[in-house]
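So that you can map any letter, position 58 of the sequence shown is 915 in the working numbering, and since no number is skipped, the others follow by simple counting.
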Amino acid sequence: MAGSTSNGILVARTADQTITPLAAPAALPFLAADIGGTHARVGLVQAPGRDERRIQLLRYTLYACAEHAGLGAILADFVRGLDAPPQQAVVACAGYVLDGRVIHANLPWPVDIAAIRDEAGLERLDVINDFEAVAYAACGIPDEAAQILQAGDPAAQATRPRLVLGPGTGLGAAL
């Protein structure tokens, strides 16, 4: 899912590549979405409190991208079903951000960040590459849950890069 942790704080990478805090501990719930070429996975999540380590998933919906007019319509549909609409969201999307739009090859519609933010009624919408989000999240995976592809010095494992690969509509990869 979009959003990653950096020293326990949820962060998002903005269009200018600056990493900024997305939500402070004990903040209001926010939207997190993973947008691939086939499916959009949207969740309402709660950032961890000071004594918690895990993000809480409060609600989740899977959408077929081709069945919707665009990402704004998907997020607006999700928000309509909530008692209190969130004001911020982070979206991990296949492709890359350039001049406020996501450049992609697999989505059936354009992704204009400002238009989507307005359509969904959000104050803040941050978008990062979907596998960049997975790479950030990989930093939180315990060593015993990771698959080591090349054995080496166990003491150096913590400082070595981790590779994430994933098949979907395309093949994603990130370090």
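Cβ atoms here follow ideal geometry from the backbone N, Cα and C, with glycine treated the same way.
So, at 6 Å on beta carbons, what are the nonlocal neighbours of residue i in its own chain, with the 5 sequence-adjacent residues on each side left out?
| i | result |
| --- | --- |
| residue 995 | 1019 and 1021 |
| residue 989 | 1031 |
| residue 1025 | 893 |
Given a threshold of 16 other Cβ atoms within 10 Å of its Cβ, counted over all protein chains shown, does residue i qualify as buried or as exposed?
| i | result |
| --- | --- |
| residue 957 | exposed |
| residue 923 | exposed |
| residue 1028 | exposed |
| residue 1023 | exposed |
| residue 886 | buried |
| residue 1009 | exposed |
Can you list, in chain order, the residues of its chain with a C-beta nearer than 8 Å to that of residue i? Leave out the 5 residues immediately preceding and following it.
| i | result |
| --- | --- |
| residue 930 | 976 |
| residue 978 | 933, 936 and 942 |
Pull up the DSSP beta-bridge partners for residue i, would you.
| i | result |
| --- | --- |
| residue 945 | 981 |
| residue 968 | 959 |
| residue 950 | 892 and 986 |
| residue 991 | DSSP, once it has assigned bridges, lists no residue as partnering residue 991. |
| residue 1030 | 1022 |
Is the region 905-918 touching the region 949-964, taking contact as three or more C-beta pairs under 8 Å? no
Would you check if the region 904-914 and the region 922-937 touch, i.e. whether three or more CB-CB distances between them fall below 8 Å? no
Whole alpha helix (DSSP H) runs in the region 871-940 with 4 or more residues, listed along the chain? Within the region 871-940, the complete alpha helix (DSSP H) runs of at least 4 residues are 928-937.
Touching by the beta-carbon criterion (3+ pairs, under 8 Å), the region 980-989 and the region 944-953: yes
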